[in-house]
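When you line the sequence shown up against UniProt numbering, it's residues 1 to 225, in that order.
Ideal Cβ positions, reconstructed from N, Cα and C, are used throughout, including at glycine.
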Amino acid sequence: MLRVQVEPSGEDFWKLEPVIDLINRGAVGIIPTDTVYAALSFAYSIVCDLSNNDSVERLRRIKGIGDSKPLSILCCSLRDIDTYTTGFPRGTNQGQANIFRAVKRVIPGPYTFILPATKELPKQCIRHGTSTRYAKRRQVGVRLPDDPICEAILQNLDEPLICTSVKSLSEDEWILDPVTIADIYEPQGLDFIVDGGTRNADPSTVVDMTGSYPTIIRQGKESLS
(Lines of atoms letter the chains of each structure in order from A and count residues from 1; the text may use other names and numbers.)
(Lines give C-alpha, C1' and ligand atoms only; values in the text may rest on other atoms or scores of the structure.)
Protein backbone atom coordinates (compact mmCIF):
# COMPACT_ATOMS: atom_id res chain seq x y z
CA MET A 1 0.00 0.00 0.00
CA LEU A 2 1.23 3.48 -0.90
CA ARG A 3 1.45 5.99 1.96
CA VAL A 4 1.92 9.65 1.08
CA GLN A 5 2.46 12.29 3.76
CA VAL A 6 1.48 15.80 2.68
CA GLU A 7 1.56 19.13 4.49
CA PRO A 8 -1.93 20.16 5.72
CA SER A 9 -1.66 23.29 3.56
CA GLY A 10 -1.19 21.17 0.45
CA GLU A 11 1.90 23.19 -0.51
CA ASP A 12 3.75 20.01 -1.48
CA PHE A 13 0.89 18.82 -3.69
CA TRP A 14 3.41 17.39 -6.19
CA LYS A 15 3.66 14.40 -3.84
CA LEU A 16 0.10 13.53 -4.86
CA GLU A 17 1.03 12.59 -8.44
CA PRO A 18 1.30 8.84 -7.68
CA VAL A 19 -2.08 9.02 -5.94
CA ILE A 20 -3.69 10.62 -9.00
CA ASP A 21 -2.22 7.87 -11.17
CA LEU A 22 -3.50 5.14 -8.85
CA ILE A 23 -7.02 6.59 -8.80
CA ASN A 24 -7.08 6.76 -12.59
CA ARG A 25 -6.10 3.08 -12.68
CA GLY A 26 -8.93 2.04 -10.39
CA ALA A 27 -7.35 2.22 -6.94
CA VAL A 28 -9.31 2.64 -3.71
CA GLY A 29 -7.73 4.76 -1.00
CA ILE A 30 -8.15 7.26 1.81
CA ILE A 31 -7.74 11.03 1.61
CA PRO A 32 -8.39 13.92 4.01
CA THR A 33 -11.55 15.99 3.52
CA ASP A 34 -13.00 18.95 5.36
CA THR A 35 -15.69 17.08 7.29
CA VAL A 36 -17.45 13.79 7.87
CA TYR A 37 -21.13 12.85 7.77
CA ALA A 38 -21.30 13.26 11.55
CA ALA A 39 -20.62 15.79 14.27
CA LEU A 40 -16.89 15.30 14.65
CA SER A 41 -13.91 17.59 14.18
CA PHE A 42 -11.77 15.35 12.00
CA ALA A 43 -12.15 13.84 8.55
CA TYR A 44 -10.77 11.15 6.28
CA SER A 45 -12.78 9.45 3.55
CA ILE A 46 -12.44 6.28 1.49
CA VAL A 47 -12.54 7.28 -2.18
CA CYS A 48 -12.35 5.93 -5.73
CA ASP A 49 -13.19 6.85 -9.33
CA LEU A 50 -16.97 7.09 -9.54
CA SER A 51 -17.09 5.63 -13.08
CA ASN A 52 -15.13 2.47 -12.25
CA ASN A 53 -17.70 -0.18 -11.28
CA ASP A 54 -15.12 -2.58 -9.88
CA SER A 55 -13.57 0.17 -7.75
CA VAL A 56 -16.93 1.19 -6.29
CA GLU A 57 -17.67 -2.43 -5.38
CA ARG A 58 -14.22 -2.74 -3.76
CA LEU A 59 -14.86 0.46 -1.80
CA ARG A 60 -18.07 -1.07 -0.43
CA ARG A 61 -16.27 -4.29 0.52
CA ILE A 62 -13.42 -2.43 2.21
CA LYS A 63 -15.87 -0.31 4.22
CA GLY A 64 -18.10 -3.33 4.87
CA ILE A 65 -21.31 -1.77 3.56
CA GLY A 66 -24.03 -3.13 1.30
CA ASP A 67 -25.58 -1.78 -1.88
CA SER A 68 -28.36 -0.02 0.02
CA LYS A 69 -25.96 2.27 1.89
CA PRO A 70 -25.66 5.76 0.35
CA LEU A 71 -22.40 7.08 -1.04
CA SER A 72 -21.51 10.73 -1.68
CA ILE A 73 -19.52 12.36 -4.45
CA LEU A 74 -16.69 14.84 -3.95
CA CYS A 75 -16.89 17.53 -6.63
CA CYS A 76 -14.37 20.11 -7.80
CA SER A 77 -16.84 22.68 -9.10
CA LEU A 78 -20.47 23.60 -9.67
CA ARG A 79 -20.01 22.27 -13.20
CA ASP A 80 -19.42 18.80 -11.76
CA ILE A 81 -22.58 19.09 -9.69
CA ASP A 82 -24.57 20.19 -12.75
CA THR A 83 -23.24 17.20 -14.71
CA TYR A 84 -24.08 14.45 -12.23
CA THR A 85 -27.19 15.98 -10.63
CA THR A 86 -30.00 18.30 -11.69
CA GLY A 87 -28.13 21.04 -9.82
CA PHE A 88 -29.30 23.80 -7.52
CA PRO A 89 -32.48 25.77 -8.30
CA ARG A 90 -31.70 28.71 -10.59
CA GLY A 91 -35.26 29.82 -11.36
CA THR A 92 -36.35 33.39 -11.81
CA ASN A 93 -38.67 33.47 -8.81
CA GLN A 94 -37.27 35.12 -5.72
CA GLY A 95 -37.20 31.99 -3.56
CA GLN A 96 -35.13 29.91 -6.00
CA ALA A 97 -32.73 32.78 -6.67
CA ASN A 98 -32.13 33.20 -2.95
CA ILE A 99 -31.42 29.47 -2.54
CA PHE A 100 -28.76 29.52 -5.25
CA ARG A 101 -27.12 32.63 -3.82
CA ALA A 102 -27.10 31.09 -0.35
CA VAL A 103 -25.43 27.92 -1.65
CA LYS A 104 -22.77 29.87 -3.55
CA ARG A 105 -21.91 31.78 -0.37
CA VAL A 106 -21.13 28.66 1.64
CA ILE A 107 -19.28 26.41 -0.84
CA PRO A 108 -16.69 25.07 -0.75
CA GLY A 109 -17.34 24.06 2.84
CA PRO A 110 -18.66 21.45 5.29
CA TYR A 111 -21.97 20.76 3.57
CA THR A 112 -23.58 17.73 1.96
CA PHE A 113 -26.38 18.58 -0.48
CA ILE A 114 -28.74 15.78 -1.47
CA LEU A 115 -29.82 16.32 -5.08
CA PRO A 116 -31.62 14.34 -7.80
CA ALA A 117 -29.08 12.41 -9.86
CA THR A 118 -28.86 12.57 -13.65
CA LYS A 119 -28.22 9.62 -15.97
CA GLU A 120 -24.54 10.64 -16.04
CA LEU A 121 -24.09 9.30 -12.52
CA PRO A 122 -23.38 5.54 -12.63
CA LYS A 123 -26.10 3.42 -11.04
CA GLN A 124 -23.76 1.80 -8.53
CA CYS A 125 -23.17 5.23 -6.97
CA ILE A 126 -26.83 5.75 -6.14
CA ARG A 127 -28.73 4.51 -3.13
CA HIS A 128 -30.91 1.67 -4.39
CA GLY A 129 -32.41 -0.07 -1.39
CA THR A 130 -35.49 -2.23 -1.82
CA SER A 131 -37.64 -0.40 0.70
CA THR A 132 -40.61 1.62 -0.51
CA ARG A 133 -38.89 4.79 0.62
CA TYR A 134 -35.81 4.37 -1.57
CA ALA A 135 -36.73 1.93 -4.35
CA LYS A 136 -37.61 4.59 -6.93
CA ARG A 137 -35.41 7.44 -5.77
CA ARG A 138 -32.35 8.49 -7.74
CA GLN A 139 -30.51 10.90 -5.49
CA VAL A 140 -27.00 11.47 -4.25
CA GLY A 141 -25.17 13.56 -1.68
CA VAL A 142 -22.69 16.01 -3.21
CA ARG A 143 -19.88 17.91 -1.55
CA LEU A 144 -17.38 20.60 -2.51
CA PRO A 145 -14.73 20.15 0.20
CA ASP A 146 -12.85 23.10 1.64
CA ASP A 147 -9.56 21.25 2.03
CA PRO A 148 -6.40 22.08 0.02
CA ILE A 149 -5.24 18.46 -0.25
CA CYS A 150 -8.62 17.18 -1.37
CA GLU A 151 -9.00 20.09 -3.80
CA ALA A 152 -5.56 19.41 -5.31
CA ILE A 153 -6.54 15.80 -5.96
CA LEU A 154 -9.92 16.68 -7.48
CA GLN A 155 -8.43 19.37 -9.72
CA ASN A 156 -6.18 16.77 -11.33
CA LEU A 157 -8.93 14.26 -12.07
CA ASP A 158 -11.38 14.21 -14.97
CA GLU A 159 -14.31 13.17 -12.77
CA PRO A 160 -15.47 13.55 -9.16
CA LEU A 161 -14.67 10.92 -6.55
CA ILE A 162 -17.17 8.63 -4.90
CA CYS A 163 -16.64 8.59 -1.14
CA THR A 164 -17.67 7.20 2.21
CA SER A 165 -16.45 8.16 5.68
CA VAL A 166 -13.88 6.16 7.63
CA LYS A 167 -15.07 4.12 10.61
CA SER A 168 -13.73 1.32 12.77
CA LEU A 169 -14.48 -2.08 11.25
CA SER A 170 -15.38 -3.58 14.62
CA GLU A 171 -17.05 -0.66 16.36
CA ASP A 172 -19.37 2.09 15.19
CA GLU A 173 -16.91 4.89 15.84
CA TRP A 174 -14.75 7.24 13.81
CA ILE A 175 -10.99 6.71 13.54
CA LEU A 176 -8.94 9.86 14.09
CA ASP A 177 -5.33 8.80 13.48
CA PRO A 178 -4.21 8.30 9.84
CA VAL A 179 -1.62 5.75 10.94
CA THR A 180 -4.31 3.71 12.70
CA ILE A 181 -6.52 4.06 9.63
CA ALA A 182 -3.78 2.61 7.44
CA ASP A 183 -3.11 -0.28 9.82
CA ILE A 184 -6.80 -1.20 9.95
CA TYR A 185 -7.73 -0.83 6.30
CA GLU A 186 -4.57 -2.07 4.54
CA PRO A 187 -5.48 -5.74 5.20
CA GLN A 188 -8.90 -5.05 3.66
CA GLY A 189 -7.29 -4.28 0.30
CA LEU A 190 -6.70 -0.53 0.52
CA ASP A 191 -4.32 0.74 -2.18
CA PHE A 192 -3.17 4.07 -0.74
CA ILE A 193 -3.59 6.62 2.04
CA VAL A 194 -2.83 10.33 1.95
CA ASP A 195 -1.75 11.46 5.41
CA GLY A 196 -2.55 15.13 5.89
CA GLY A 197 -2.17 15.05 9.65
CA THR A 198 -4.79 15.48 12.34
CA ARG A 199 -6.75 18.64 11.60
CA ASN A 200 -9.97 20.19 12.86
CA ALA A 201 -13.03 20.50 10.64
CA ASP A 202 -16.56 21.71 11.26
CA PRO A 203 -19.43 19.23 11.55
CA SER A 204 -21.31 18.87 8.27
CA THR A 205 -24.69 20.39 7.57
CA VAL A 206 -26.76 18.01 5.41
CA VAL A 207 -29.42 19.60 3.23
CA ASP A 208 -32.03 17.67 1.22
CA MET A 209 -32.74 19.65 -1.95
CA THR A 210 -34.86 17.05 -3.74
CA GLY A 211 -38.16 18.67 -2.76
CA SER A 212 -39.79 22.01 -3.45
CA TYR A 213 -37.85 23.62 -0.61
CA PRO A 214 -34.54 22.74 1.10
CA THR A 215 -34.85 20.57 4.20
CA ILE A 216 -32.13 20.39 6.86
CA ILE A 217 -31.48 16.69 7.55
CA ARG A 218 -28.85 17.46 10.15
CA GLN A 219 -27.63 20.81 11.36
CA GLY A 220 -23.88 21.16 11.62
CA LYS A 221 -21.94 24.14 12.85
CA GLU A 222 -22.68 26.11 9.67
CA SER A 223 -26.07 27.13 8.28
CA LEU A 224 -27.29 28.37 4.89
CA SER A 225 -28.69 31.61 6.25
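(message) Considering only their Cβ atoms, is the gap separating Asp34 from Pro178 smaller than 9 Å?
(response) no
(message) I'd like the list of long-range same chain contacts for Thr164, defined as Cβ closer than 6 Å, with 5 residues on each side in sequence excluded.
(response) Ile46, Lys63 and Leu71
(message) I want to know whether the stretch 99 to 117 touches the stretch 78 to 85 - three or more CB-CB distances under 8 Å.
(response) yes
(message) With distance defined between alpha-carbon atoms, name the residue in Thr118, Leu157, Arg3 and Asp158 nearest to Gln139.
(response) Minimum Cα distance to Gln139 is reached at Thr118.
(request) Mind checking which residues open and close the alpha helix (DSSP H) that includes Val166? (result) Segment: none, Val166 is in no alpha helix (DSSP H) and carries neither H nor E.
(request) Sort Ile149, Arg58, Cys48 and Leu59 by Cα distance to Ser9 and report the nearest one. (result) Per the Cα distances, Ile149.
(request) Could you name the residues of the same chain whose beta carbon sits closer than 8 Å to that of Val207, not counting the 5 residues immediately before and after it, in chain order? (result) Tyr111, Thr112, Phe113, Ile114, Pro214, Thr215, Ile216, Ile217 and Leu224
(message) So within the stretch 34 to 117, which uninterrupted alpha helix (DSSP H) runs reach at least 4 residues, ignoring any that extend past its ends?
(response) 53 to 63, 78 to 84 and 94 to 106
(message) Is the separation between the beta-carbon of Val19 and that of Val4 shorter than 9 Å?
(response) In this structure, Val4 lies closer than 9 Å to Val19 by Cβ.
(request) Pull up the DSSP beta-bridge partners for Val194, would you. (result) Val4
(request) Confirm, please, whether the CB-CB distance from Val166 to Ile181 is below 9 Å. (result) yes
(request) Have a look at Asn52, Leu22 and Lys15 and flag the residue whose alpha-carbon is nearest the alpha-carbon of Cys125. (result) Asn52
(message) Looking only at its chain, what residues have a beta carbon closer than 6 Å to the beta carbon of Gly197, apart from the 5 residues adjacent to it on each side?
(response) Pro8
(request) Using 10 angstroms around the beta-carbon of Glu159, count the other beta-carbons present and answer buried if the total reaches 16, otherwise exposed. (result) buried
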